[in-house]
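First up is the structure itself, then whatever we jot down about it.
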Amino acid sequence: MFNARAFATGRSALHFKGCGGFLFIAAVILVGQILIVSIGGPFFSVVPLALVDWVVIIGSTSIVLWIGEIYRLIASRLK
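In short: position in the sequence shown from 1, add 226, done, that's my numbering.
Here you go:
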C-alpha cells in the first residue's frame, strides 16, 4: 500500500504531509486486522496471535517497503 502510494512519484512512501486520509485508512486496516485475528475466532476461522508473532509478521513484510525506499533513495541520488 505504501509503495503503491509512492509509485511513479519519485517521493518517499513515508512522506505523510497532507495525507491524513491515507494515514486514517492505514490505521483502520491495521486495527481491523488485529481485531479480526484477536476476536474473530470461529467466524473467521482464526486463532489469536502472540505479540511476538505480530512483530515478526509486520517486520518481515515491511522489508518490501524498505527495499522500495532504498531504491527511490538511490534513484534520486543518481539523477
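Ideal Cβ positions, reconstructed from N, Cα and C, are used throughout, including at glycine.
Keep in mind that this is a model prediction, so the values were computed, not measured.
query: Cβ pair count under 8 Å reaching 3, the segment 231 to 242 against the segment 293 to 301; result: yes
query: Ile262 to Phe269 span [Cα, whole Å]; result: 9 Å
query: Contained alpha helix (DSSP H) runs [length at least 4] in the segment 250 to 305, N- to C-terminal order; result: 267 to 270, 277 to 287, 289 to 304
query: Collapsed DSSP secondary structure at Arg237 in the structure displayed; result: coil
query: Cutoff 7 Å; reference Gly266; Cβ partners in own chain excluding five residues on either side; result: Val272
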